[in-house]
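Peer 1: In this note's numbering, the protein residues as written are 27 to 122.
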């Protein structure tokens with residue numbers, strides 16, 4: 027599963043990515059990694075950062091790895107947290 031949000035997004039007063047990672051860990055999901063992007067754009071406009079030390083609207087992707095039934099069990103909670111502020115996609119993968 028990939029979850030695309032912005033780094034500065036909040037959910038109930040906390041950073042959205044922290045809330046999502048907490049839900050995933052509590053649900054015993056095998057693994058998740060949050061990646062911060064440098065620049066991008068989407069439905070909510072441009073995402074970028076300023077070099078002068080101020081971070082604004084950086085894109086953030088959370089990559090989640092586990093079996094489909096476990097991901098499907100946590101998906102409703104993740105959808106509620108992300109709402110209309112992001113995109114959730116599911117990808118079938120295999121290991122080499």
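Where a beta carbon is used, it is the ideal one built from N, C-alpha and C, also for glycine.
Once DSSP output is grouped into helix, strand and coil, what is the label at residue 90?
Peer 2: strand
Peer 1: Should residue 54 and residue 106 be called a contact, given that it needs their Cβ atoms to be closer than 9 Å?
Peer 2: In this structure, residue 106 does not lie closer than 9 Å to residue 54 by Cβ.
Peer 1: Could you please give the first and the last residue of the uninterrupted beta strand (DSSP E) stretch that includes residue 46?
Peer 2: Here residue 46 belongs to no beta strand (DSSP E); instead the alpha helix (DSSP H) covers 42 to 52.
Peer 1: To the nearest angstrom, how far is the alpha carbon of residue 31 from that of residue 59?
Peer 2: 13 Å
Peer 1: Which residue marks the beginning of the beta strand (DSSP E) containing residue 114, and which one marks its end?
Peer 2: 113 to 115
Peer 1: From the DSSP output, read off the bridge partner residues of residue 31.
Peer 2: 86
Peer 1: Less than 9 Å between the beta carbons of residue 94 and residue 116, yes or no?
Peer 2: yes
Peer 1: Mark residue 88 as exposed unless 16 or more other C-beta atoms lie within 10 angstroms of its C-beta, in which case mark it buried.
Peer 2: buried
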